[in-house]
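Presented below is the structure to which this report refers.
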Amino acid sequence: MSTPIRASSILPGRREDIELHTADGLRLVGELARPLDRDPVATLVCLHPLPTHGGMMDSHVFRKAAWRLPALADLAVLRFNTRGTSSVRGTSEGAFDAAVGERFDVAAAIEYAEFHELPNIWLLGWSFGTDLVLKYGCDPAVAGAILLSPPLRFSTAEDLAHWASAGRPLTALVPEFDDYLRPDEARERFAVVPQAEVVGVPGAKHLWVGDAETVLDEVVRRVNPAATVPLPTTWDGPMETGDASAYANRTVAAFADRPVPGPPPAGAGG
Numbered sequence: 001m002s003t004p005i006r007a008s009s010i011l012p013g014r015r016e017d018i019e020l021h022t023a024d025g026l027r028l029v030g031e032l033a034r035p036l037d038r039d040p041v042a043t044l045v046c047l048h049p050l051p052t053h054g055g056m057m058d059s060h061v062f063r064k065a066a067w068r069l070p071a072l073a074d075l076a077v078l079r080f081n082t083r084g085t086s087s088v089r090g091t092s093e094g095a096f097d098a099a100v101g102e103r104f105d106v107a108a109a110i111e112y113a114e115f116h117e118l119p120n121i122w123l124l125g126w127s128f129g130t131d132l133v134l135k136y137g138c139d140p141a142v143a144g145a146i147l148l149s150p151p152l153r154f155s156t157a158e159d160l161a162h163w164a165s166a167g168r169p170l171t172a173l174v175p176e177f178d179d180y181l182r183p184d185e186a187r188e189r190f191a192v193v194p195q196a197e198v199v200g201v202p203g204a205k206h207l208w209v210g211d212a213e214t215v216l217d218e219v220v221r222r223v224n225p226a227a228t229v230p231l232p233t234t235w236d237g238p239m240e241t242g243d244a245s246a247y248a249n250r251t252v253a254a255f256a257d258r259p260v261p262g263p264p265p266a267g268a269g270g
């Protein structure tokens, strides 16, 4: 009997707690989710929104990716807390460093994926995580990147030029009603990266509340083109239920009216 896939649904997969170790000596906590009975065809390394605004490895789009995509799209999903960030999984060592020290966090995640021979590594950044992708993710081991709600706040023109010269696939999913960067301006800003694809998402907002399924479909479309999209909304087989209440007070929405630390570059939003 088919069961609807809900926000709290956990589909079958192999999930293990992991630790990342940075070059500057910190231990970061995370999780790796893989298909239950087969090898993944590609890997998502997730970089979460601002921890000062409630962002963490369990931010809802990433949580749903880890709970669904190993079963629905044959993907491995690696998510972790950047330095100083806490979630149900635990707290990573160190302190938030406004996209400076986080360079070591990005490197540690890519290194972990490489060392464990995870295939076809794609970076999936969201908000602050997109700045980390643009600044530090253009690595030879990375096949491409997908940006969710990029504010282009901490990243620079030089970072975009680096991606342009590398030629790696880069897709930005930009909400129609984003708080910081909307589709038309995003197309102008990303025009310096010839291979960049800017996808405006009608009706969506920065936090993707109510639009996670759209995001996951667009991610899978690019990372595993052989998968069927739109992704299924029902599941035949065993399914667990996660405790959604564990995340109720850890959502970026609860912190949306707080000022973002650090001065924005010219033309960026707050």
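Everything in the sequence shown is counted per UniProt numbering, starting at 1 for the first residue and increasing by one. Yeah, the Cβ is synthetic: ideal placement off N, Cα and C, and Gly gets one too.
So residue i and residue j are supposed to be a Cβ contact under 8 Å. How far apart are they, rounded?
i	j	result
L118	A76	5 Å
A73	A227	4 Å
C135	S155	Note on identity: in this sequence residue 135 is Lys, with Cys being the wrong assignment. Their Cβ separation, rounded to whole angstroms, is 5 Å, which keeps K135 and S155 in contact under 8 Å.
Going by CA-CA distance only, name the one from the options that's closest to residue i.
i	options	result
T171	W122, K205, P140 and D211	W122
V45	G129, D211 and M239	G129
G203	L32, V215, V192 and V193	V215
A107	V193, R222, R27 and P225	R27
L147	V100, E111, F96 and G200	G200
Q195	Y180, A164 and L11	A164
residue 283	S2, D17, M57 and V192	Past the edges of the chain, shown from 1 to 270, lies residue 283, and the structure says nothing about it.
E111	P4, P225, E19 and P230	E19
D243	T52, P151 and S9	S9
F177	A166, H116, S155 and L207	L207
F96	G54, W67, V223 and S155	G54
G90	V193, V100 and R79	R79
R222	D236, G94, V198 and M56	V198
D211	V61, V220 and R187	V61
Indicate the three-state DSSP secondary structure (helix, strand or coil) for residue i in the structure shown.
i	result
L75	strand
W126	strand
H21	strand
P183	helix
A10	One point to set straight first is that residue 10 is Ile, not Ala, in the sequence displayed. In the structure shown, I10 sits in a strand (DSSP, three-state: E or B).
I146	strand
residue 351	The structure shown has nothing for residue 351, since the chain only spans 1 to 270.
R15	strand
E111	helix
T243	For the record, residue 243 in the displayed sequence is Asp; it is not Thr. D243: coil per DSSP, three-state reduction.
D236	strand
Below 6 Å CB to CB, which residues in the same chain sit around residue i once its five sequence neighbours on both sides are set aside?
i	result
G144	W122, R168 and P169
S87	M56, M57, D58 and N81
In chain order, what residues of the same chain have a beta carbon less than 7 Å from the beta carbon of residue i, not counting five sequence neighbours either side?
i	result
N120	V41, A42, T43 and A143
G13	A33, R34, P35, L36, P70 and A71
P51	T82, G84, T85 and F96
V193	L160, W163, A164 and L170
Going by beta carbon distance, what residues of the same chain come within less than 8 Å of residue i, once the five residues before and after it are set aside?
i	result
P232	I5 and L72
Quick check on the DSSP output: what are the complete alpha helix (DSSP H) runs of length 4 or more inside the stretch 38 to 103, in order along the chain? 60 to 73
Segments assigned beta strand (DSSP E), at least 3 residues, entirely inside the stretch 150 to 228: 170 to 175 and 196 to 201
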